[in-house]
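Colleague: Going by UniProt numbering, 162 is the number at position 162 of the sequence shown; the sequence numbering is gapless.
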Amino acid sequence: MAPPRKSVLITGCSANGIGAGLAEVFHEKGYHVFATARTPSKVPPTLSSSANVTVLRLDVVSPESIAAAVESVSKETDGRLDVLINNSGGTLVLPALDIPIEEGKKIFDLNFWAPLAMLQAFAPLLIKSRGCVVNNTSANAVCPMPLMSVYNGSKAALATSSETWRRELEPLGVRTITLMTCGVKTKFVDNYHVSFRVPETSQYFKIRDFIESLPSGRLQEGAISPKQFGVKVVQVVEKGTVGTVWAGTNAFWARVEVWLSPQLVLMIHDMQGRERMV
1 MAPPRKSVLI TGCSANGIGA GLAEVFHEKG YHVFATARTP SKVPPTLSSS ANVTVLRLDV
61 VSPESIAAAV ESVSKETDGR LDVLINNSGG TLVLPALDIP IEEGKKIFDL NFWAPLAMLQ
121 AFAPLLIKSR GCVVNNTSAN AVCPMPLMSV YNGSKAALAT SSETWRRELE PLGVRTITLM
181 TCGVKTKFVD NYHVSFRVPE TSQYFKIRDF IESLPSGRLQ EGAISPKQFG VKVVQVVEKG
241 TVGTVWAGTN AFWARVEVWL SPQLVLMIHD MQGRERMV
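#1: List in chain order: all unbroken alpha helix (DSSP H) runs of 4+ residues lying wholly within the segment 147-210.
#2: Distance, Cα to Cα, LEU158 vs THR137?
#3: For GLU170, count neighbouring Cβ atoms within 10 angstroms of its own Cβ and tell me buried if that reaches 16, exposed if not.
#4: For ALA69, which residues in the same chain have their Cβ closer than 7 Å to its Cβ, ignoring the five residues on either side in sequence?
#5: If you count every other CB in all the chains shown that lies within 10 Å of the CB of ARG130, and 16 or more means buried, which is it?
#6: In the DSSP assignment, the alpha helix (DSSP H) including GLY243 goes from what residue to what residue?
#7: LYS128 to LYS6, Cα distance in whole Å?
#8: Hey, would you say THR249 sits closer than 8 Å to CYS182, going by beta carbons?
#9: When you compare each of LEU110, ASN52 and ILE207 to GLY12 by their alpha carbons, which one comes out closest?
#10: Using only CA atoms, which one of PHE196, GLN235, CYS132 and LEU179 lies nearest to LEU9?
#11: Please classify SER11: does DSSP put it in a helix, a strand, or coil?
#12: With DSSP as the reference, identify every bridge partner of ALA35, one or two as the case may be.
#13: Span of the alpha helix (DSSP H) holding VAL236?
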């Protein structure tokens with residue numbers, strides 16, 4: 001008898017994003033893909049109309065929505081899930097002095113608490129299949145870009161916790177991969193950026209045009225596509241990799257720089273930040 005088709009659930013599968021790129025590659029590899037999004041209509045038609053792709057409405061900050069997703073997946077897979085990819089996330093670009101605290105907490109809810117809630121909810125399915133959880137963090141977790149402190153902090157929390165979860169889940173037969181994601185050309189900022197104007201009372205008001213232009217997507221120019229990123233991730237999942245994996249444009253050199261001279265990297269970031277603020 002043929003082995004059951006492997007399954008993967010991916011959060012944040014809106015068109016032109018990392019989640020959609022991952023879903024496409026996993027589908028090509030023969031997985032049953034559960035492509036999820038808070039707004040299912042944003043999942044690209046190439047996925048939603050494909051065989052062996054199930055589109056689910058999933059709001060990762062809603063316990064009720066997560067529970068409904070677990071029930072839907074369990075019914076179709078006999079209570080198993082081979083791969084869970086925590087990909088959903090959001091960002092907020094503002095100086096720390098100007099960040100509305102409640103909005104900052106929402107970013108932490110989405111970038112940190114939601115992946116933990118997803119892991120807790122889907123753990124029985126992953127344990128049953130001796131599966132794999134993939135947490136999409138960011139190079140910003142260790143290379144903190146100025147004006148993104150809430151995003152950087154939330155991704156640093158996820159990266160550290162993901163490696164902690166790896167040690168806790170290993171005895172249960174579940175692998176954990178922590179993605180340190182570098183440049184990928186997506187619509188992430190359009191879909192998940194919390195937009196605020198720099199207030200007139202800000203210490204940084206004189207460079208407000210520079211700050212407010214950062215989410216324009218120009219930082220992603222020349223980056224690899226979501227599908228290229230997906231190919232890399234699927235490869236490490238299928239190889240049985242565990243631990244931290246750097247992926248995205250210039251990922252190798254970013255990893256080398258951080259490994260060899262973390263203080264130098266931070267100094268360069270500091271210098272660049274000061275130059276922009278002059």
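The beta-carbon is built from N, C-alpha and C at its ideal position, and this holds for glycine as well.
Modeller: Let's see:
#1: 149-169 and 188-192
#2: As a first step, residue 158 is located in the sequence shown; it is residue number 158 there, counting from the start. As a first step, residue 137 is located in the sequence shown; it is residue number 137 there, counting from the start. When rounded, the distance between both Cα atoms is 6 Å.
#3: The sequence position of residue 170 within the sequence shown is 170, counting from 1. Exposed, because fewer than 16 other Cβ atoms sit within 10 Å of the Cβ of GLU170.
#4: Translated into positions along the sequence shown, residue 69 becomes position 69. THR36, LEU56 and LEU58.
#5: The residue you call residue 130 lines up with position 130 of the sequence shown. Exposed, by the Cβ-count rule.
#6: Counting from 1 along the sequence shown, the entry for residue 243 is found at position 243. Looking at the DSSP string, GLY243 is not in any alpha helix (DSSP H); the run it does join, the beta strand (DSSP E), is 243-247.
#7: Residue mapping note: residue 128 aligns to position 128 of the sequence shown, counting from 1. Residue mapping note: residue 6 aligns to position 6 of the sequence shown, counting from 1. Between LYS128 and LYS6, the C-alpha separation is close to 13 Å.
#8: On the sequence shown, position 249 is the one that residue 249 refers to. On the sequence shown, position 182 is the one that residue 182 refers to. Taking 8 Å as the Cβ cut-off, THR249 and CYS182 qualify as a contacting pair.
#9: Mapped onto the sequence shown, residue 12 falls at position 12. Nearest C-alpha to GLY12: LEU110.
#10: By 1-based counting over the sequence shown, the position of residue 9 is 9. Taking only the C-alpha atoms, the option nearest LEU9 is CYS132.
#11: Numbered from its first residue, the sequence shown carries residue 11 at position 11. Inspection of the sequence shows that residue 11 is occupied by Thr rather than by Ser. In the structure shown, THR11 sits in coil (DSSP, three-state: anything other than H, G, I, E or B).
#12: Against the sequence shown, residue 35 aligns to sequence position 35. Looking at the DSSP assignment, ALA35 forms a beta bridge with ILE10 and VAL55.
#13: As a working mapping, residue 236 is identified with position 236 in the sequence shown. It spans 226-239 - the alpha helix (DSSP H) in which VAL236 sits, taken as one unbroken run.
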